[in-house]
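In what follows, a structure is listed as structure tokens, so that the remarks can point back to it.
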Amino acid sequence: MSIRLAIVGLGKIARDQHLGAIAATDGIELTAVASRHAGLDGVASFHDISELLASNVAVDAVSLCTPPQGRFEQAKAALDAGKHVMLEKPPGATISEVHALEASARKKGLTLFSTWHSREAAAVEPARKLLATRTIRSVRVEWKEDVRHWHPGQAWIWEPGGLGVFDPGINALSIVTRIMPESFHLVGSDLFFPENRAAPIAANLSFETAGGLPLSAEFDWRQTGPQTWDIRIETDEGPMVLTHGGSRLSVDGEERIVEEDREYRNLYAHFVRLVTEGRSDADFSPLVHVADAFMLGRRHTVETFED
Ligand SMILES: NC(=O)c1ccc[n+]([C@@H]2O[C@H](COP(=O)([O-])OP(=O)(O)OC[C@H]3O[C@@H](n4cnc5c(N)ncnc54)[C@H](OP(=O)(O)O)[C@@H]3O)[C@@H](O)[C@H]2O)c1
717 MSIRLAIVGL
727 GKIARDQHLG
737 AIAATDGIEL
747 TAVASRHAGL
757 DGVASFHDIS
767 ELLASNVAVD
777 AVSLCTPPQG
787 RFEQAKAALD
797 AGKHVMLEKP
807 PGATISEVHA
817 LEASARKKGL
827 TLFSTWHSRE
837 AAAVEPARKL
847 LATRTIRSVR
857 VEWKEDVRHW
867 HPGQAWIWEP
877 GGLGVFDPGI
887 NALSIVTRIM
897 PESFHLVGSD
907 LFFPENRAAP
917 IAANLSFETA
927 GGLPLSAEFD
937 WRQTGPQTWD
947 IRIETDEGPM
957 VLTHGGSRLS
967 VDGEERIVEE
977 DREYRNLYAH
987 FVRLVTEGRS
997 DADFSPLVHV
1007 ADAFMLGRRH
1017 TVETFED
């Protein structure tokens, strides 16, 4: 039988990606939506998750597409009601809350899937496999985009827990944590806060791998014109460059992978497998690096930001 799914938070990403991916995935169907200002024709629609869970509409799982602040209460309510849970990235607003969710899902025998859509980009697995055969010298991440284009009017993203420029930056960290053959940890962090905002608009980070190699990341939301979502890896054997958010890979100067976008279809196919097999997938390492960046961050105040 298909998994009966409810989407919570019918906003930009739910409409841009989740609805189409669910429709294209076997073994799962959209049964309900819980969103304060939106509903869908032909699908049971509720104001919020409490109303949904109190109704007689049967769902097996919920996919949370709300902002990270407040996600914990929604996920906890779903798990307490015996539902499997899929979390948009970032999985939550704090490290301790996501560990609490993982423990709760384990105790109840439910699936918790903490998604990282960028890990599903076409070039990520090929890059991981190739990197495992090479000797790395350094890694440099540049993730620079125009916040006004990608996040117009999203007030939550500038509030505590909204992560500011780490909202896209965590996508880069989700790729790097996936493809690197060894762990790495933060050694320096400069954070640039607009004077009227509670979240950074840019960040420069330095990491070191367990073996002592340098890894740097520049995140910036002030880039207009062409956008940059690149990861450059120097290896003894030649350079490897992931571009376009992990969907393209060039190896030693030659373009290798250009494929269609399947990120969210892959996520839902994986969720169906996890539920069917009674497993969870909850790797919080990208969020841990972001928390470290705030913990070790030197704060710089920059000009006011208005939408
Ligand atoms: N936008 C992207 O391109 C993108 C890409 C990948 C992942 N994501 C992730 O997906 C999550 C949602 O992002 P989004 O871009 O879809 O955000 P969004 O457009 O603001 O949509 C989130 C929806 O959640 C609901 N919501 C519930 N409580 C809310 C609150 N306190 N404040 C604001 N909205 C609330 C809102 O619907 P109601 O008002 O109807 O309840 C809202 O439409 C974030 O974690 C983000 O990092 C976004």
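By the working numbering, the letter at position 213 of the sequence shown is numbered 929, and the numbering carries on one by one without gaps.
Beta carbons: idealized from backbone N, C-alpha and C, even for Gly.
Run through DSSP, which three-state label would Lys860 get?
Strand at Lys860.
Which residues in the same chain have their Cβ closer than 6 angstroms to the Cβ of Leu1012, if we skip the five residues on either side of it in sequence?
Counting only Cβ-Cβ distances below 6 angstroms, and skipping sequence neighbours, we find Leu902, Ser905.
Let me know the secondary structure DSSP gives Asn887 once reduced to three states.
Residue state, collapsed to three classes: helix.
Going by C-alpha distance, which of Leu879, Met717, Leu803 is nearest His1005?
When only C-alpha atoms are compared, the closest one is Leu879.
Where Met1011 falls: helix, strand or coil (DSSP):
The answer is helix: DSSP assigns Met1011 an H, G or I state.
With 16 other Cβ atoms within 10 Å as the buried cut-off, status of Gly954:
Exposed is the call here.
Between which two residues does the alpha helix (DSSP H) carrying Arg995 extend?
Segment: none, Arg995 is in no alpha helix (DSSP H) and carries neither H nor E.
N-terminal and C-terminal residue of the alpha helix (DSSP H) that Asp906 is part of:
Per DSSP, Asp906 lies in no alpha helix (DSSP H); the unbroken beta strand (DSSP E) holding it starts and ends at 900–910.
Report the partner residues of His657 according to the DSSP bridge assignment.
The chain is shown from 717 up to 1023; residue 657 falls before or after that span and cannot be answered.
Looking at Pro1002: is its Cβ nearer than 8 angstroms to the Cβ of Trp832?
Yes, Cβ-Cβ distance for Pro1002 and Trp832 is below 8 angstroms.
Check the C-beta distance from Arg972 over to Ser966 and give it rounded, since I have them as a contact under 8 angstroms.
Indeed they touch by this definition, with Cβ atoms about 6 angstroms apart.
Could you tell me which of Val991, Glu950, Ala730 sits nearest to Arg850, measuring between CA atoms?
The candidate whose alpha carbon is nearest that of Arg850 is Glu950.
According to DSSP, is Glu875 helix, strand or coil?
Assigned with DSSP and collapsed to three states, Glu875 falls in coil, not helix or strand.
Below 7 angstroms, is the gap between the Cβ of His1005 and the nearest heavy atom of ligand 1?
No, the beta carbon of His1005 sits no closer than 7 angstroms to any heavy atom of ligand 1.
Inter-stretch contact at 8 angstroms, needing at least 3 Cβ pairs: the region 855–871 / the region 984–993
The region 855–871 makes no contact with the region 984–993: fewer than 3 CB pairs, one atom from each, lie closer than 8 angstroms.
Within its chain, find whatever has a CB closer than 7 angstroms to the CB of Glu844; leave out the 5 residues flanking it on each side and keep chain order.
Going by the sequence as given, residue 844 is Arg instead of Glu. Cβ neighbours of Arg844 beyond the five flanking positions: Arg894, Ile895.
Please classify Asn920: does DSSP put it in a helix, a strand, or coil?
Looking at Asn920 - three-state DSSP - the assignment turns out to be strand.
Of the residues Phe762, Ala740, Gly743, the one placed nearest Ala1030, counting alpha carbons only:
This structure leaves residue 1030 out entirely; the chain is present only between 717 and 1023.
Between Arg981 and Ala737, how many whole angstroms is the CB-CB distance? I'm expecting something under 8 angstroms.
Contact holds; Cβ gap of about 5 angstroms.
Compare the C-alpha of Leu889 against each of Asp946, Pro783, His800 and name the closest.
Restricting attention to Asp946, Pro783, His800, the CA atom closest to the CA of Leu889 is found in Asp946.
Taking the C-alpha atoms as reference points, what is the distance between Trp874 and Ala915?
Cα to Cα, Trp874 sits roughly 5 angstroms from Ala915.
Pro842 lies in the alpha helix (DSSP H); which residues open and close that run?
It spans 840–847 - the alpha helix (DSSP H) in which Pro842 sits, taken as one unbroken run.
Ser834 to Ser766 span [Cα, whole Å]:
Cα-Cα distance, rounded: 30 angstroms.
Do Gly885 and Ala919 have their CB atoms nearer than 8 angstroms?
Yes; because the gap between Cβ atoms is below 8 angstroms, this pair is in contact.
Which residue comes first and which comes last in the beta strand (DSSP E) that contains Ser812?
From DSSP, Ser812 is part of no beta strand (DSSP E) but of the alpha helix (DSSP H) over 811–824.
According to DSSP, is Gly786 helix, strand or coil?
Assignment of Gly786 by DSSP, reduced to helix, strand and coil, places it in the coil class.
Could you tell me whether the Cβ atoms of Leu1025 and Leu756 are closer together than 8 angstroms?
With the chain covering only 717 through 1023, there is no way to say anything about residue 1025.
7 angstroms CB neighbourhood of Asp764 in its chain, flanking five on each side removed
Ala750, Arg752.
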